[in-house]
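Enquirer: Encoded as structure tokens, here's the structure I'll be asking about.
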Amino acid sequence: MKKKLVAGLLVTAMATVMAAGCGSGSGSSGDGQESYTIGIEQFAEHGSLDNCREGFLKGLEAEGIVEGENLTVDYQNAASDMGTAGQISDSFVSDGVDMICAIATPSAQSAYNAAMDSDIPVVYTAVTDPVEAELTDEDNMPVGNVTGTSDKLPIEEQLKMIREILPDAKTLGIMYTTSEANSISAIEEYEELAGDYGFELVTTGISTTADVSLAADDLLSQVDCITNLTDNTVVASLPTILEKANEKNIPVFGSEIEQVRIGCLAAEGIDYIALGEQTGKMAAQILKGEKEASEMECEVITEPGFYVNTKVAENLGITVPEELASSAVESFDEITAE
Numbered sequence: 021m022k023k024k025l026v027a028g029l030l031v032t033a034m035a036t037v038m039a040a041g042c043g044s045g046s047g048s049s050g051d052g053q054e055s056y057t058i059g060i061e062q063f064a065e066h067g068s069l070d071n072c073r074e075g076f077l078k079g080l081e082a083e084g085i086v087e088g089e090n091l092t093v094d095y096q097n098a099a100s101d102m103g104t105a106g107q108i109s110d111s112f113v114s115d116g117v118d119m120i121c122a123i124a125t126p127s128a129q130s131a132y133n134a135a136m137d138s139d140i141p142v143v144y145t146a147v148t149d150p151v152e153a154e155l156t157d158e159d160n161m162p163v164g165n166v167t168g169t170s171d172k173l174p175i176e177e178q179l180k181m182i183r184e185i186l187p188d189a190k191t192l193g194i195m196y197t198t199s200e201a202n203s204i205s206a207i208e209e210y211e212e213l214a215g216d217y218g219f220e221l222v223t224t225g226i227s228t229t230a231d232v233s234l235a236a237d238d239l240l241s242q243v244d245c246i247t248n249l250t251d252n253t254v255v256a257s258l259p260t261i262l263e264k265a266n267e268k269n270i271p272v273f274g275s276e277i278e279q280v281r282i283g284c285l286a287a288e289g290i291d292y293i294a295l296g297e298q299t300g301k302m303a304a305q306i307l308k309g310e311k312e313a314s315e316m317e318c319e320v321i322t323e324p325g326f327y328v329n330t331k332v333a334e335n336l337g338i339t340v341p342e343e344l345a346s347s348a349v350e351s352f353d354e355i356t357a358e
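With the numbering used here, letter number 160 in the sequence shown gets 180, and the count goes up by one each step, no holes.
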């Protein structure tokens with residue numbers, strides 16, 4: 021009897037140790053509350069993607085999942101490098117996180133590919149065209165254990181706004197990264213619509229941030245104004261583009277609020293904190309077991325807002341039409357460096 025009792029105690033102790041040492045996935049916090057670990061993979065370091073991350077954590081918090089209480093966050097930035105993005109995705113899967121939050125299209129594709137053969141759900145945000153990125157089907161439904169939110173550009177509203185501000189402009193330039201699916205999709209839509217607003221479209225493709233300076237010089241020599249996409253490599257180098265454009269007195273339009281804050285003239289864009297919050301609330305449903313990522317349709321914020329920087333307008337000698345200016349969701353009277 022004594023030998024059997026000792027053996028039983030040893031088995032119990034070993035089981036307890038093994039349970040305590042199993043991975044970094046969901047478990048219980050000190051007060052018995054369910055706890056979670058999320059790996060956040062952000063493709064580049066710039067304001068709009070930072071806002072997505074901030075909003076994502078706010079959305080989770082609104083649903084009772086709070087960093088430092090019942091949530092552990094492992095945040096990694098790929099610095100606009102696809103190889104690094106792949107390494108981050110693989111490490112999250114190897115660590116057995118409860119969920120990967122992927123911010124921007126390249127990270128979303130990388131995370132989904134890495135997690136495909138695991139049971140780890142991927143929730144993405146700031147993916148302009150999930151269909152082109154092969155994350156959803158034509159009906160906007162997930163292709164696997166992956167879902168999230170899209171920051172689809174309001175391209176027609178942007179063209180209309182640019183035309184109102186610059187009635188005499190003829191050529192519109194766009195710089196984009198040739199490997200970003202979201203940028204390719206946006207360029208195609210611009211090509212379809214630019215002529216309707218009297219613009220000749222001039223595009224310049226780049227591969228890496230090292231190409232930006234020369235590409236900007238070439239583009240600025242051909243156009244009356246520039247508009248930006250939500251292209252991560254280009255946006256991360258926006259200060260360089262703005263400096264060169266300002267020297268030539270050429271207006272640069274942004275695609276969201278942070279680009280206007282740092283020196284673009286204006287934008288018809290979305291609120292990236294709100295986009296992130298929406299994503300966080302979707303993630304909470306998955307973590308709590310209320311829904312599967314594979315059954316959740318990709319969500320899109322459809323109403324853009326107008327943002328304008330009056331200091332930039334003053335520097336360029338441009339008058340923003342009063343009706344447009346009065347409709348601004350937010351107006352900046354100074355340029356804030358990143």
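Note that beta-carbon positions come from the ideal geometry of N, C-alpha and C, so glycine has one too. Since we're looking at a predicted model, the values are computed, not measured.
Out of L285, D101, A357, G309, which one is the CA nearest neighbour of G337?
Expert: L285
Enquirer: Mind checking who T299 pairs with in its DSSP beta bridge?
Expert: DSSP, once it has assigned bridges, lists no residue as partnering T299.
Enquirer: What does DSSP give as the partner residues of F326 in its beta bridges?
Expert: E288
Enquirer: Name the residue from A333, A313, K308, G325 whose alpha carbon lies nearest to the alpha carbon of L80.
Expert: K308
Enquirer: Is it right to say A64 is buried, meaning 16 or more other beta carbons lie within 10 angstroms of its own, or is it exposed?
Expert: Buried, because 16 or more other Cβ atoms sit within 10 Å of the Cβ of A64.
Enquirer: Can you tell which of L240, S233, K172, D188 has its C-alpha closest to the C-alpha of I207?
Expert: K172
Enquirer: Need the endpoints of the alpha helix (DSSP H) that L20 sits in, please.
Expert: Limits of the chain in this structure are 21 at one end and 358 at the other, which puts residue 20 out of reach.
Enquirer: Mind checking Q242: buried by the 16 CB within 10 Å criterion, or exposed?
Expert: exposed
Enquirer: Would you say the stretch 313 to 328 touches the stretch 273 to 293, given that touching needs at least three Cβ pairs under 8 Å?
Expert: yes
Enquirer: My guess is that A214 and T224 are in contact by the Cβ rule of under 8 Å, so how many angstroms apart are they, rounded?
Expert: The Cβ separation is near 15 Å, so there is no contact.
Enquirer: If you draw a straight line from the C-alpha of D251 to the C-alpha of P271, how long is it?
Expert: 18 Å
Enquirer: Out of V320, A304, I246, E184, which one is the CA nearest neighbour of T339?
Expert: E184
Enquirer: In angstroms with no decimal places, state the Cα-to-Cα distance between Q107 and N335.
Expert: 44 Å
Enquirer: Distance check for Q129 and I194, CA to CA, integer angstroms please.
Expert: 24 Å
Enquirer: Between E61, I182, S100, M302, which has its C-alpha nearest P341's C-alpha?
Expert: I182
Enquirer: Only counting runs of 4 or more residues, tell me where the alpha helix (DSSP H) segments fall wholly within the stretch 94 to 135, in order along the chain.
Expert: 102 to 115, 125 to 135
Enquirer: Can you list the beta strand (DSSP E) stretches of 3 or more residues lying completely in the stretch 213 to 266, in chain order?
Expert: With a minimum length of 3 residues, the unbroken runs of beta strand (DSSP E) contained wholly in the stretch 213 to 266 fall at 220 to 226, 245 to 247.
Enquirer: Distance check for L69 and Y292, CA to CA, integer angstroms please.
Expert: 7 Å
Enquirer: Within the chosen definition, does the stretch 298 to 312 reach the stretch 162 to 177 through at least 3 CB pairs nearer than 8 Å?
Expert: yes
Enquirer: Run through DSSP, which three-state label would S205 get?
Expert: helix
Enquirer: Looking only at its chain, what residues have a beta carbon closer than 7 Å to the beta carbon of S127, apart from the 5 residues adjacent to it on each side?
Expert: E61, Q62, F63, A98, A105
Enquirer: Within the same chain, show all residues whose beta-carbon is closer than 6 Å to that of R281, passing over the 5 residues directly before and after it, in chain order.
Expert: F352, T356
Enquirer: Taking Cβ to Cβ, would you say I175 is nearer than 8 Å to T145?
Expert: no
Enquirer: Can you tell me whether A131 is buried or exposed? The criterion is at least 16 other CB atoms within 10 Å of its CB, across all chains shown.
Expert: buried
Enquirer: Helix or strand or just coil, what does DSSP make of I355?
Expert: coil
Enquirer: First and last residue of the alpha helix (DSSP H) that includes E343?
Expert: 342 to 346
Enquirer: Kindly give me the distance between the Cβ atoms of G59 and L295, rounded to whole angstroms, as I take these residues to be in contact under 8 Å.
Expert: About 19 Å separates the two Cβ atoms, so there is no contact after all.
Enquirer: Taking only three categories from DSSP, how would you classify S314?
Expert: helix
Enquirer: Apply the 10 Å Cβ neighbour rule to V332 and answer buried if 16 or more other Cβ atoms are within range, or exposed otherwise.
Expert: Its Cβ being crowded by 16 or more others within 10 Å, V332 is buried.
Enquirer: Please state if the CB of E317 and the CB of N133 are separated by a distance shorter than 8 Å.
Expert: No, these two residues do not count as a Cβ contact at 8 Å.
Enquirer: Are T148 and N71 closer than 8 Å when you measure CB to CB?
Expert: no
Enquirer: So for Q279, helix, strand or coil by DSSP?
Expert: helix
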